[in-house]
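To start, the structure itself, in structure tokens.
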Amino acid sequence: MNELLVREATVHDIDSVLPLMQGLAAFEGYSEQLKVNRNSLEQLIEHNSQAGVLVAAEDSGEVPHCVAGMLVYFYQPFTYDLKPWMVIKELFVAAECRGRGVGEALFNAARAHCIARGGSKMKWEVLADNQSAQRFYKRLGGQTESRWQIMSLVL
């Protein structure tokens, strides 16, 4: 892999981020429900101070700033400790870039972002059958929260 730079996504990255989101939707089995489009990504990137997209971009020499992966996050403003928590909503690396440290670079950049905002915790969900993702997060210090179960209500 060439030099890797993790940064906040810009509107110029939308055409690279959208296929990653579509790839994640296919992997997780919700392609039919995916409503993310160019406009919604632009709104997220340009106009949301509590959420954003980090991209890992590499300079391949031929295609400058080829986006290898993305991490979508939002902040829960505060909870019992009066500090924000970062919620990682999506972390996805292009198939051809896996195993090269892209996911770890994105996660570490998210951690630094959270610390810089005075955050005290990061949270995320992992598919129960995605053992490789679970190992990945545990290797980076993540822990399963056995006291809690995720609940939802479809509206």
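FYI, the numbering for the sequence shown is 1 to 155, going by the UniProt record's numbering.
The C-beta atom is built at its ideal place from N, Cα and C for all residues, glycine as well.
Quick caveat: nothing in here was measured; it's all calculated off a predicted structure.
Taking the CB atoms as reference points, tell me whether valine 53 and alanine 9 lie closer together than 7 Å. By 1-based counting over the sequence shown, the position of residue 53 is 53. By 1-based counting over the sequence shown, the position of residue 9 is 9. Contact flag set, yes.
Tell me, to the nearest whole angstrom, how far the beta carbon of glutamine 22 is from that of leucine 34; I am working on the premise that it is less than 8 Å. Stepping through the sequence shown from its first residue, residue 22 is reached at position 22. Stepping through the sequence shown from its first residue, residue 34 is reached at position 34. Sure, about 7 Å apart at Cβ, within 8 Å.
Can you name the start and end residues of the beta strand (DSSP E) that leucine 71 belongs to? For the purposes of this step, residue 71 is taken as the residue at position 71 of the sequence shown. Run containing leucine 71: 66 to 76, per the beta strand (DSSP E) assignment.
Tell me, please, which residues DSSP counts as bridged to isoleucine 88. Translated into the one-based positions of the sequence shown, residue 88 becomes position 88. DSSP output for isoleucine 88 lists Tyr73 and Trp124 as bridge partner(s).
Are the stretch 105 to 125 and the stretch 71 to 91 in contact at 8 Å, needing three or more beta carbon pairs? yes
Pair within 7 Å by beta-carbon distance, phenylalanine 92 and leucine 44: Your numbering for residue 92 matches position 92 in the sequence shown. Your numbering for residue 44 matches position 44 in the sequence shown. No.
Ordered along the chain, which non-local residues of its own chain (more than five positions away) have a Cβ less than 7 Å from that of valine 17? Within the sequence shown, numbered from 1, the residue matching residue 17 stands at position 17. Around valine 17: Ala9, Leu41, Val53, Val55, Val67 and Met70.
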